Amino acid sequence: MHDKTIAELADGLKKKEFSSIELTQSFLSRIRHYDPQLNSFVTVTEEPALQQAKAADEAIARGSAGALTGVPIAQKDIFCTKGVKTSCGSKMLDNFIAPYDATVVERFKQAGSVMLGKLNMDEFAMGSSNETSYFGPVRNPWDTDTVPGGSSGGSAASVAARLTPGATGTDTGGSIRQPASFCGITGLKPTYGLVSRWGMIAFASSLDQGGPMARTAEDCALMLQVMAGFDEKDSTSVDRPVPNYSASLDENLEGLRIGLPKEFFDEGLDSDIARLIDEAIGEYRKLGATVKPVSLPNMKLSVPAYYIVAPAECSSNLARYDGVRFGYRCKDPKDLHDLYMRSRGEGFGEEVKRRILVGTYALSAGYYDAYYLKAQKIRRLISDDFKRAFEEVDVIMGPTSPSVAFRLGEKTADPIAMYLSDIYTIAVNLAGLPGMSIPIGFSKNLPVGMQIIGNYFSEARLLNVAHRYQRATDWHRRAPKDFV
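Residue numbers (full-length UniProt numbering): 1 to 484.
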């Protein structure tokens with residue numbers, strides 16, 4: 001059962017080929033057996049999962065099941081889950097039991113899905129390798145000496161290893177797409193505002209966006225159908241109708257205009273990845289698409305702009321963790337100042353402290369105009385570049401990452417090298433656009449992903465474009481040999 005997609009599992013449940021309890025027990029057994037090698041789960045919610053599975057089987061028997069009723073999924077440990085630890089991969093929240101469900105979690109519950117547990121991640125979603133987690137690094141199932149990408153590394157690794165059919169992730173600068181690429185799965189970062197951020201612990205509020213991670217575009221469509229939609233509790237949520245994302249999956253691609261930005265194919269891109277992207281574009285040509293070069297001249301400024309905007313917002317968002325109201329508190333503080341200093345110093349990891357310091361500096365008196373304001377102006381220029389490109393093309397394609405998964409520890413001593421692994425994904429977040437990564441082959445025996453970027457609220461089109469490619473290829477069906 002573990003080798004079936006979400007769509008196949010939902011169909012099997014509907015036809016009563018197996019029960020949700022049997023399905024859930026199967027995945028829980030795989031987690032117990034395989035996850036010690038990967039460290040992808042922070043918490044496994046075995047008892048609640050079986051209770052949810054029992055309720056799902058009853059709903060199916062009554063004939064009141066929805067599209068995902070009884071299907072197991074797992075939640076990134078950044079989404080608050082009532083009565084379950086929500087750690088955000090940090091010592092600061094290691095003792096935090098959320099008193100409520102995030103909107104995303106609540107919507108999956110309403111859809112009747114089964115939550116297997118909470119997934120490991122970079123601390124407060126800050127990282128590109130899943131090595132900053134307080135609970136230790138996650139390992140890539142294709143080669144356990146390599147990273148799965150970050151910050152949604154636990155989500156990507158667990159889906160790739162068939163420990164869960166699907167998982168939620170969040171993407172602030174590429175944190176769904178880059179791990180999807182490294183682990184050979186499909187991941188979608190929706191348009192900013194499409195998926196509610198209420199109950200999703202904030203890193204950079206103007207960039208963070210939740211999205212689905214699964215093996216196929218068809219599965220991502222089913223998950224996004226549950227996740228998307230207006231939420232009055234989230235002031236950044238967009239009030240617009242949610243289309244049926246599955247309805248247009250099979251539309252033909254005749255006349256699709258694909259843009260290839262020259263800035264994506266510079267000297268920093270691995271030649272093997274460039275070749276695989278060229279082959280994937282060839283498949284799209286066979287499907288009736290046309291290809292044209294486009295330019296995103298300000299993309300080279302996306303990394304420096306991002307590493308002003310994101311740390312500035314994180315320094316503001318993480319000010320709430322002070323040792324007073326919730327989370328980690330140091331032992332025997334001498335006074336209030338000592339309580340603040342030691343609680344934050346002991347509770348946060350090195351990467352989080354680094355970004356808080358950068359962000360606080362950028363927002364400080366005398367530097368706001370020089371750094372933060374200038375970064376916001378660059379952000380608008382990047383957005384305008386995409387706007388011009390989408391006047392000529394329907395989608396933009398290119399690499400998700402400049403390399404395949406790197407080895408554990410390879411870049412931990414060099415933060416700049418780590419930051420540059422998101423060079424092709426960051427601009428999409430700065431502009432608030434939707435983007436996704438799909439598997440297109442292997443280099444050095446490790447998966448390679450291709451990024452597909454669309455105009456605002458064009459998720460249905462992106463999923464259609466990805467699905468048609470996956471119907472013509474089988475890269476998305478490949479499994480790591482040690483986890484079959």
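Each residue gets a CB set at the ideal place from its N, CA and C atoms; glycine is no exception. Bear in mind that the values here come from a model prediction, so they are computed numbers and not experimental data.
Item, Value
"A389 beta carbon less than 8 Å from that of E218", "no"
"Secondary structure of A370, DSSP reduced to three states", "helix"
"Buried or exposed (CB count within 10 angstroms, at least 16 for buried), R380", "exposed"
"Proximal residues to R162 (C-beta, below 8 Å), its chain only, five neighbours per side dropped", "H2, D3, R30, A479, F483 and V484"
"Three-way DSSP call (helix, strand, coil) for K118 in this model", "strand"
"Beta carbon of Y372 nearer than 8 Å to that of A312", "yes"
"Three-pair Cβ contact test at 8 Å for the segment 176 to 194 versus the segment 51 to 58", "no"
"Beta-carbon proximity of G210 to F182, cut-off 8 Å", "no"
"Whether D119 touches D77 by CB criterion (8 Å)", "Inspection of the sequence shows that residue 119 is occupied by Leu rather than by Asp. Yes, the Cβ-Cβ distance between L119 and D77 is below 8 Å."
"Complete runs of the alpha helix (DSSP H) confined to the segment 398 to 444 [at least 4 residues]", "415 to 419 and 426 to 431"
"Candidates V105, A111 and H33: closest to A65 by CA position", "A111"
"Limits of the beta strand (DSSP E) - the one that G454 falls within", "L446 to G454"
"Assumed close pair R257, D394 - CB separation to whole angstroms, cut-off 8 Å", "5 Å"
"DSSP beta-bridge partners of K292", "G259"
"Residue burial classification, V84 (beta-carbon count within 10 angstroms, cutoff 16)", "buried"
"N- and C-terminal bounds of the beta strand (DSSP E) containing A74", "P72 to K76"
"M213 vs G174 beta-carbon contact at 8 Å", "no"
"Beta-carbon spacing of I281, M397 below 8 Å", "yes"
"Segment limits, alpha helix (DSSP H) that includes T172", "Neither: T172 is in no alpha helix (DSSP H) and is coded neither H nor E."
"Selection from K82, T103, S40 and L116 that minimises the alpha carbon distance to S20", "L116"
"Three-way DSSP call (helix, strand, coil) for K54 in this model", "helix"
"Burial state of Y368, where buried means 16 or more other Cβ atoms lie within 10 Å", "exposed"
"Per-residue burial, A431 [other beta carbons within 10 Å of its own, 16 or more giving buried]", "buried"
"C-beta atoms of I440 and I308 nearer than 8 Å", "no"
"Environment of K377 [buried if 16+ CB atoms lie within 10 Å]", "exposed"
"For D385 and N455, believed in contact at Cβ under 8 Å, the rounded distance", "Their Cβ separation, rounded to whole angstroms, is 13 Å, which puts N455 and D385 out of contact at 8 Å."
"Buried or exposed by the 16-neighbour rule on C-beta atoms within 10 Å, applied to S129", "buried"
"Rounded C-alpha distance that separates H82 from D101", "Before going on, a small fix: residue 82 reads as Lys here, not His. Whole-angstrom Cα-Cα distance: 5 Å."
"Bridge-paired residues (DSSP) for D143", "N140"
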